[in-house]
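Reading through the structure tokens given below for one structure.
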Amino acid sequence: MNKNANQLQRDLDLDPEIRELESDFQLWKAAFRDELTAHLAALQCDNDLFGFALEPAEDLGNLHFITCVGRESALEDRDSLPQRFSHVEWRGFLPPKDFEKSLQYLEDIGKKYHDLFIDSAYSEDTKVGAAFRRRLYSEMLEAMLECDRRGDFRNIWFKIISFSDFNHSIQLRSFLRLNCNWRFLTNCVCLVSKRLGSFMGKIGRRVGEH
């Protein structure tokens, strides 16, 4: 079991409510893996794609997630690294129909265990809520890694779990685990080379003008 699940797992034999949560989580996990696989299969014929982002909800009381794709044709500046690697710049959010079952499971979990996850007095995660958040994000990453190992991402060479306005360690962890490969590095080298070439060209033109 992933380390990030240990805190929740230690309580399973102590609290019936957490045991029930574990059962509900397993239903979500199975549905999510199946639907992610099918979702990526539907994207495999689209050669315009370079990026895929999964954005989970920040609020444990309103659990959901969205997916977003980066398209070469949609980039205003294909050599811009910030634009290419920031999913909020892609404007490629996909409709949630491919994840109907897992989204419903997740929504039900958020409603059912709201008081277990959130300390209403302080409007923050409880210990169980924080542990569940880590486990949820980790499972999303493991599912993406499994798809990556099978080659389900095909032309997509940049993958990440990210947020629009929230910071969590899963962002860096997913970036490193999903993109530390020669394909990603090769594409980055090409992008940097183009950017450098464009920059040097501008300098050359300015020097020539003088």
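Residues in the sequence shown are numbered consecutively from 35, following the working numbering. Note that beta-carbon positions come from the ideal geometry of N, C-alpha and C, so glycine has one too.
*Three-way DSSP call (helix, strand, coil) for G126 in this model*: Here G126 sits in coil by DSSP.
*asked:* Across the region 171 to 181 and the region 142 to 153, are there enough close Cβ pairs to call them in contact, namely three or more that are closer than 8 Å?
replied: Cβ pair count under 8 Å is below three, so no.
*Name the DSSP bridge partner or partners of L83?*
Per the DSSP secondary-structure output, L83 pairs in a beta bridge with R105.
_Contact check, S196 vs A87, beta carbons under 8 Å_ = Yes. Within cutoff.
*Going by DSSP, which residues form a beta bridge with L88?*
Note: L88 sits in a beta bridge opposite T101, I195.
*Among S120, F84, V223, which residue has its Cα nearest to the Cα of W191?*
Comparing alpha carbon positions, the residue from S120, F84, V223 closest to W191 is F84.
*Beta-carbon proximity check, E69 vs S198, cutoff 8 Å*: Taking 8 Å as the cut-off, the beta carbon of E69 is found no closer than this to the beta carbon of S198.
*asked:* Can you check which of these residues, T71, E54, L61, is closest to G185 by C-alpha distance?
replied: G185 has its Cα closest to that of T71, out of T71, E54, L61.
*Tell me, please, whether the region 121 to 128 touches the region 97 to 105 by the rule of three or more beta-carbon pairs shorter than 8 Å.*
The region 121 to 128 vs the region 97 to 105: in contact.
_DSSP has I152 in a bridge; who is on the other side?_
DSSP output for I152 lists D159 as bridge partner(s).
*Could you tell me the distance, in whole angstroms, from the CA atom of D82 to the CA atom of W62?*
About 31 Å.
*Cα-Cα, which of D93, F166, R207 is closest to D58?*
The candidate whose alpha carbon is nearest that of D58 is F166.
*Out of D142, E173, C222, point me to the one whose CA is closest to I204's CA.*
Of the candidates D142, E173, C222, the one whose C-alpha sits nearest the C-alpha of I204 is E173.
_Continuous alpha helix (DSSP H) stretch holding R67: start and end_ = Annotation: the continuous alpha helix (DSSP H) that includes R67 extends over 50 to 77.
*Roughly how many angstroms separate the alpha carbons of F218 and R169, rounded to a whole number?*
Rounded to whole angstroms, F218 to R169 spans 27 Å at the Cα level.
*Using alpha carbons as the reference points, say which of G144, V162, N213, A164 lies closest to R183.*
Out of G144, V162, N213, A164, N213 has the C-alpha closest to the C-alpha of R183.
*Buried or exposed: which applies to V162, given that a residue is buried once 16 or more other Cβ atoms fall within 10 Å of its Cβ?*
That one is buried.
*Tell me whether Y156 is buried or exposed, calling it buried when 16 or more other Cβ atoms sit within 10 Å of its Cβ.*
Y156 counts as exposed, since fewer than 16 other C-beta atoms from the protein chains shown sit within 10 angstroms of its C-beta.
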